[in-house]
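Enquirer: Residues in the sequence shown are numbered from 1 upward in steps of one, following UniProt numbering.
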Amino acid sequence: MIRELAQTVTRLPAANYHTLKAIVMHLGNVMARADVNKMTSHNLAIVFGPTLIRPAKETPLEAIENITPSTSIMEKMILHREHIFGSESMAESSARGET
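1. Output needed for residue 43: all residues of its chain with C-beta closer than 6 Å, excluding positions within five of it in sequence on either side, in chain order.
2. Take residue 71 and list the residues in its own chain whose beta-carbon comes closer than 6 Å to its own, dropping the five residues that flank it on each side.
3. Please report how far the alpha carbon of residue 28 lies from the alpha carbon of residue 61, in whole angstroms.
4. Nearest by alpha-carbon distance to residue 30: which of 83, 75, 84 is it?
5. According to the Cβ coordinates, are residue 33 and residue 39 closer than 9 Å?
6. Taking only three categories from DSSP, how would you classify residue 11?
7. Taking C-beta to C-beta, are residue 67 and residue 77 nearer than 9 Å?
8. I'd like the list of long-range same chain contacts for residue 12, defined as Cβ closer than 8 Å, with 5 residues on each side in sequence excluded.
What follows is the structure, given as structure tokens:
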């Protein structure tokens, strides 16, 4: 599943890819302080998954039905961010002009 997710995000338009990468990498940093802020990968995924991973158009019922899958995908992205997006920091990407 992680390999497929990595392949999927590379098909995003460049601006969307880099924005998602920046957000997910930041969420990884937030998660690293979960002992202080209580924001585990799952808690972060609950907050950000339904907002970031959703179809362009969906009914209210579809939005509710999509909460669990979008949360699961978001949590996987946070936990496996280095594999999905590479381990390069955003500062290194920015220095090369990629963001």
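For glycine and all other residues, C-beta sits at the position ideal for the given N, C-alpha and C.
Expert: If we stick to the structure as given:
1. In the sequence shown, counting from the first residue as 1, residue 43 sits at position 43. Counting only Cβ-Cβ distances below 6 Å, and skipping sequence neighbours, we find nothing.
2. What you label residue 71 is simply residue 71 of the sequence shown in a count that begins at 1. Result list for residue 71: 45, 46, 49, in chain order.
3. Against the sequence shown, residue 28 aligns to sequence position 28. Against the sequence shown, residue 61 aligns to sequence position 61. Spanning the two alpha carbons is a distance of roughly 30 Å.
4. To locate residue 30, count along the sequence shown from 1; it is residue 30. Closest option to residue 30, Cα to Cα, is 75.
5. Translated into the one-based positions of the sequence shown, residue 33 becomes position 33. Translated into the one-based positions of the sequence shown, residue 39 becomes position 39. Yes, the Cβ-Cβ distance between residue 33 and residue 39 is below 9 Å.
6. For the purposes of this step, residue 11 is identified with residue 11 of the sequence shown, where counting begins at 1. Coil.
7. As a first step, residue 67 is located in the sequence shown; it is residue number 67 there, counting from the start. As a first step, residue 77 is located in the sequence shown; it is residue number 77 there, counting from the start. No, Cβ-Cβ distance for residue 67 and residue 77 is not below 9 Å.
8. Working through the sequence shown from its first residue, we reach residue 12 at position 12. If we look at residue 12 and ignore the five residues flanking it on each side, its Cβ neighbours are 20.
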